[in-house]
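Enquirer: I'd like to ask you about the structure that follows.
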Amino acid sequence: MNNTQFQLTEQQIDFFNTFGYLGFPGLMADRAAEIDAAFEGVWTERGGGHNGQAHDGKARSCIVPFIDQSVVLSSLLDDPRIHGIATALLGEDFNYMGSDGNYYVGDTRWHSDGWHKQIRHLKIAFYLDPLTAQTGALRVIPGSHRTGEPYADQLQEQIRQSPERWGVDGPQVPAIALETQPGDLLCFNHNTKHAAFGGNQHRRMFTINLCQRYPEERIQDLRDYISGAARFWIDRAYGERMVKTATPQRQRHLEQVMANDGHLAELSRKARATMPEPSRG
Amino acid sequence: MQLTQAQINFFQTFGYLAIPQLFSAAEIARITAGFEWSIQNRGGGLNHDGSKRTMFGGPIEHTPAMCAILDHPDILGLIGGLIGDDFNYCSGDGNYYTGNTRWHPDGNWGQLFAVKVAFYLDPLTRDTGCLRVIPGSQDPQHFIRREKINVNQSEELFGVPSSEFPGNVALETQPGDIVIFNHDLYHAAYGGHERRRMFTMNCIRRAKTPDDLATAHQYLSIHSAGGSNFDTGAGMFFSTMIDTADEKRMVHLEQPITIHDELFPQFARRR
């Protein structure tokens, strides 16, 4: 594959638009070892787990923003494959919207990462261990991202109470499991319902969040979204390494958020005063 | 059997419901024997060579024991719980299937009007011909309906084989399991062998309004013996079903008989 010319096919774009997710088996295989090492390096540098403490296998450990902690991982934003996916699905002027790195523990219940009706938000997920349906692979409900359609709206309303509403536990909710090997890439619309079941106590995964550039008349929506990062006790949306190593191309994907995260520090200060620890997700 | 509200909600949301072991091992053994007798003696099964599907109408209407499936409390509870206790039984089909069944809905009614109860008599997995469904596709606003997506062309459209259409669910079954689904639900089967035994019961809501009556007429003009220009000798149903019916069973037969006789007087019962 010529990575400098990576483009999605019309079929792939139609697939994503229709079903709300897309898988790329082996797409990042040539960087899998480098990514794995950088992932572990960040955790080592940050104490091995959540909030500077060692990961204890009892609760999810989470670092936000994640790829910003590493020059290597920050460069994923410049990788022609990531960049190609993002531009095809979000436009040339897409925004980088932060990232999270995780040691997951056990199940992740059904949820969406958002319910955006105007601005498309995208999550690109890297799973660093082989995962099957029974060991924590990402499960998605195709078409569940389509706000305003009865099926998607019904799922949005009811899926958090699947045992009470439908008589089935999370793993039995009709869905597809996207089994992965290291080097695979998955991406999905933030609206898409997703979950994982049967994962171990140390399931390694990180994501990159991206979105369409917000039009000026929706800047407050962008600021509100950025406000959500206060629960992670961060003062700026991006980490220093991400910003310092930004090329002009990358800078284009940072500038709108950097121009609108000035309120984050004060919100984080308040969060520190009321929360015992930064959020785990 | 009485469905829970959660089961009803599941059916309404996803368009289907699977009930493991609705029938006991002894019951399904008798049903299987009744099916085999029926298809062998009434359904052309003797000539089945595996090259194409063998199908016959009214698979539960040829022996008194098979007819009694319509009296089974759990079947009545299952169907009644979804489309009303006074539902209409509208025949069905019995099959030796061969190979794949491509994606299709059985109807496009745009409402919960008709259901299919499916009996799979052999253990089936996703790769050996079990029923696959696309959850939610019974809804007229579901994206495959709204955008008129040809599910059987998903290779050309999306680069994935139609057998792996995203989101499809394979309902693996053991004999005794029952699946019921809205006729509007897209369904298929892949990888079946050359003698996959399966039969169905079709049921519709009892028509109580002029609109429902018109829909019932439309339904039976197609999905009935007369609609297939087939003479059962007794109109809508084979005679055994009617002759062995008590009052309770007749609740489920009388309206289809009346409508069928109106639509196809030439096939009305004469003896």
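Sequence lines, in order, name chains A and B.
Residue numbers for the first sequence follow our numbering, so the first one is 100 and each next one is one higher.
Residue numbers for the second sequence follow our numbering, so the first one is 894 and each next one is one higher.
Quick reminder that beta carbons are idealized off the backbone N, C-alpha and C, glycines included.
Less than 7 angstroms separating the beta-carbons of R312 (chain A) and Q355 (chain A)?
Expert: Residue mapping note: residue 312 (chain A) aligns to position 213 of the first sequence, counting from 1. Residue mapping note: residue 355 (chain A) aligns to position 256 of the first sequence, counting from 1. Closer than 7 angstroms, so yes.
Enquirer: Only counting the same chain, and skipping five residues up and downstream in sequence, which positions put a Cβ closer than 7 angstroms to that of T994 (chain B)?
Expert: Taking the first residue of the second sequence as position 1, residue 994 (chain B) is located at position 101. Excluding residues within five positions, the ones whose Cβ falls inside 7 angstroms are A1081 and A1082.
Enquirer: Rounded to the nearest angstrom, how far is the Cβ of R159 (chain A) from that of A294 (chain A), given a contact under 8 angstroms?
Expert: Translated into the one-based positions of the first sequence, residue 159 (chain A) becomes position 60. Translated into the one-based positions of the first sequence, residue 294 (chain A) becomes position 195. Contact doesn't hold; Cβ gap of about 14 angstroms is too wide.
Enquirer: On a Cα-Cα basis, can you pick out the residue from A:S169, A:A187 and A:F165 that is closest to N201 (chain A)?
Expert: In the first sequence, counting from the first residue as 1, residue 201 (chain A) sits at position 102. Nearest C-alpha to N201 (chain A): A:F165.
Enquirer: Got a sec? Which residues, its chain only, sit under 6 angstroms from G1069 (chain B) by beta carbon, not counting five neighbours each side?
Expert: Indexing the second sequence from 1 puts residue 1069 (chain B) at position 176. Correct list, in chain order: Q914, F916 and I921.
Enquirer: Does chain A have any CB closer than 7 angstroms to the CB of Q1034 (chain B)?
Expert: As a working mapping, residue 1034 (chain B) is identified with position 141 in the second sequence. Yes, Q1034 (chain B) counts as interfacial toward chain A.
Enquirer: Can you find a C-beta in chain B that's less than 7 angstroms from the C-beta of F114 (chain A)?
Expert: Translated into positions along the first sequence, residue 114 (chain A) becomes position 15. With 7 angstroms as the cut-off, F114 (chain A) counts as an interface residue toward chain B.
Enquirer: Contact criterion: CB-CB distance below 7 angstroms. Does E248 (chain A) meet it with respect to chain B?
Expert: Working through the first sequence from its first residue, we reach residue 248 (chain A) at position 149. Closer than 7 angstroms to some Cβ of chain B, the Cβ of E248 (chain A) qualifies, so yes.
Enquirer: In chain A, which residues lie less than 7 angstroms from P1059 (chain B) when you measure between Cβ atoms?
Expert: Position 166 of the second sequence, counted from the start, is the residue given in the question as residue 1059 (chain B). Simply F118, P241 and I275.
Enquirer: Opposite G200 (chain A) in the DSSP bridges: which residues?
Expert: The sequence position of residue 200 (chain A) within the first sequence is 101, counting from 1. Answer is A:I162 and A:F305, bridged to G200 (chain A).
Enquirer: For C286 (chain A) versus L221 (chain A), is the C-beta distance shorter than 7 angstroms?
Expert: Residue mapping note: residue 286 (chain A) aligns to position 187 of the first sequence, counting from 1. Residue mapping note: residue 221 (chain A) aligns to position 122 of the first sequence, counting from 1. In this structure, L221 (chain A) lies closer than 7 angstroms to C286 (chain A) by Cβ.
Enquirer: Would you say the segment 268–279 of chain A touches the segment 144–153 of chain A, given that touching needs at least three Cβ pairs under 8 angstroms?
Expert: No, the segment 268–279 of chain A is not in contact with the segment 144–153 of chain A.
Enquirer: Under a CB-based cut-off of 7 angstroms, is W214 (chain A) close to chain B?
Expert: Counted from its first residue, the first sequence places residue 214 (chain A) at position 115. Cβ-Cβ to chain B under 7 angstroms: no for W214 (chain A).
Enquirer: At 4 residues or longer, and completely inside the segment 1016–1071 of chain B: list those alpha helix (DSSP H) runs for me, N to C.
Expert: DSSP runs (the alpha helix (DSSP H)) wholly in the segment 1016–1071 of chain B: 1036–1039 and 1047–1051.
Enquirer: Below 8 angstroms on the Cβ atoms is my contact criterion, and I expect D283 (chain A) with G125 (chain A) to pass it. Report the Cβ-Cβ distance as a whole number of Å.
Expert: What you label residue 283 (chain A) is simply residue 184 of the first sequence in a count that begins at 1. What you label residue 125 (chain A) is simply residue 26 of the first sequence in a count that begins at 1. Contact holds; Cβ gap of about 6 angstroms.
Enquirer: Between the segment 919–933 of chain B and the segment 895–908 of chain B, are three or more C-beta pairs nearer than 8 angstroms?
Expert: At 8 angstroms Cβ cutoff, the stretches do not touch.
Enquirer: Going by other Cβ atoms of all chains shown within 10 Å of its Cβ, with 16 needed for buried, is M1134 (chain B) buried or exposed?
Expert: For the purposes of this step, residue 1134 (chain B) is identified with residue 241 of the second sequence, where counting begins at 1. Classification of M1134 (chain B): buried, given that the 10 Å Cβ count is 16 or more.
Enquirer: Kindly list the residues whose CB is nearer than 8 angstroms to the CB of G298 (chain A), restricted to its own chain and excluding five residues on each side of it in sequence; keep chain order.
Expert: Here residue 298 (chain A) is taken as the residue at index 199 of the first sequence, counted from 1. If we look at G298 (chain A) and ignore the five residues flanking it on each side, its Cβ neighbours are Y203, V204, G205, D206, T207, L230, T234 and G235.
Enquirer: Using DSSP bridges, identify the partner residues of H1080 (chain B).
Expert: In the second sequence, counting from the first residue as 1, residue 1080 (chain B) sits at position 187. Its beta-bridge partners are B:H997 and B:V1026.
Enquirer: Mind listing the chain A neighbours of Q1046 (chain B)? Cutoff is C-beta to C-beta under 7 angstroms, in chain order.
Expert: Start at 1 with the first residue of the second sequence, and residue 1046 (chain B) comes out as number 153. Correct list: empty, because the minimum Cβ distance to chain A is about 11 angstroms.
Enquirer: Thinking C-beta only, is F907 (chain B) closer than 7 angstroms to P1028 (chain B)?
Expert: Counted from its first residue, the second sequence places residue 1028 (chain B) at position 135. Counted from its first residue, the second sequence places residue 907 (chain B) at position 14. Cβ atoms of P1028 (chain B) and F907 (chain B): closer than 7 angstroms.
Enquirer: What would DSSP say about G327 (chain A), mapped onto helix, strand or coil?
Expert: Walking along the first sequence from the start, residue 327 (chain A) turns up at place 228. In this structure, G327 (chain A) counts as helix in the three-state DSSP scheme.
Enquirer: Below 7 angstroms between beta carbons: does that hold for F1036 (chain B) and G242 (chain A)?
Expert: Residue numbering aside, residue 1036 (chain B) sits at position 143 when the second sequence is read from its first letter. Residue numbering aside, residue 242 (chain A) sits at position 143 when the first sequence is read from its first letter. Yes, they are a contact pair.
Enquirer: May I ask you to verify whether the segment 1005–1015 of chain B touches the segment 970–977 of chain B, counting CB pairs closer than 8 angstroms and requiring at least 3?
Expert: Touching, yes, given that three or more Cβ pairs across the two stretches are closer than 8 angstroms.
Enquirer: Given P1158 (chain B), which residues of its chain have a CB within under 8 angstroms of its CB, disregarding the five upstream and five downstream residues?
Expert: Residue numbering aside, residue 1158 (chain B) sits at position 265 when the second sequence is read from its first letter. Counting only Cβ-Cβ distances below 8 angstroms, and skipping sequence neighbours, we find nothing.
Enquirer: Pairing CB atoms from the segment 332–349 of chain A with CB atoms from the segment 128–139 of chain A, are three or more of them under 8 angstroms?
Expert: Taking 8 angstroms as the limit for Cβ pairs, the verdict is that the segment 128–139 of chain A does not touch the segment 332–349 of chain A.
Enquirer: So which residues of chain B does G266 (chain A) contact, with C-beta pairs closer than 8 angstroms?
Expert: Translated into the one-based positions of the first sequence, residue 266 (chain A) becomes position 167. T897, A899, Q900, N902 and F903, listed in chain order.
Enquirer: Where are the beta strand (DSSP E) runs, 3 residues long or more, that stay fully inside the segment 125–198 of chain A, in chain order?
Expert: Listed in chain order, the complete beta strand (DSSP E) runs (minimum 3 residues) inside the segment 125–198 of chain A are 160–162.
Enquirer: From the DSSP output, which residues share a beta bridge with C286 (chain A)?
Expert: In the first sequence, residue 286 (chain A) corresponds to position 187, counting from 1. C286 (chain A) is bridged to A:L121 and A:I223.
Enquirer: Considering only the beta carbon of each residue, do L189 (chain A) and L309 (chain A) sit closer than 7 angstroms?
Expert: Taking the first sequence and counting its residues from 1, one reaches residue 189 (chain A) at position 90. Taking the first sequence and counting its residues from 1, one reaches residue 309 (chain A) at position 210. Going by C-beta atoms, L189 (chain A) is nearer than 7 angstroms to L309 (chain A).
Enquirer: Should H244 (chain A) and G122 (chain A) be called a contact, given that it needs their Cβ atoms to be closer than 7 angstroms?
Expert: Residue 244 (chain A) sits at position 145 when you count from the first residue of the first sequence. Residue 122 (chain A) sits at position 23 when you count from the first residue of the first sequence. In this structure, G122 (chain A) does not lie closer than 7 angstroms to H244 (chain A) by Cβ.
Enquirer: Name the one or two DSSP bridge partners that R238 (chain A) has.
Expert: Translated into positions along the first sequence, residue 238 (chain A) becomes position 139. Note: R238 (chain A) sits in a beta bridge opposite A:A276 and A:A294.
Enquirer: Reducing DSSP to helix, strand and coil, say where T897 (chain B) ends up.
Expert: Along the second sequence, read from residue 1 onward, the residue named residue 897 (chain B) stands at position 4. Coil at T897 (chain B), not helix or strand.
Enquirer: Assuming Y337 (chain A) contacts L353 (chain A) (C-beta within less than 8 angstroms), just tell me the rounded distance between them.
Expert: In the first sequence, counting from the first residue as 1, residue 337 (chain A) sits at position 238. In the first sequence, counting from the first residue as 1, residue 353 (chain A) sits at position 254. Going by Cβ atoms, the distance from Y337 (chain A) to L353 (chain A) rounds to 6 angstroms, so yes, they are a contact pair.
Enquirer: For D259 (chain A), would you say it is in contact with chain B, using Cβ-to-Cβ distances shorter than 7 angstroms as the test?
Expert: Within the first sequence, residue 259 (chain A) is the residue found at index 160, counting from 1. In the sequence as displayed, the identity of residue 259 (chain A) is Arg instead of Asp. Not an interface residue.
Enquirer: Taking the continuous beta strand (DSSP E) assigned at H210 (chain A), which residues delimit it?
Expert: Stepping through the first sequence from its first residue, residue 210 (chain A) is reached at position 111. Segment T207 to H210, the beta strand (DSSP E) holding H210 (chain A).
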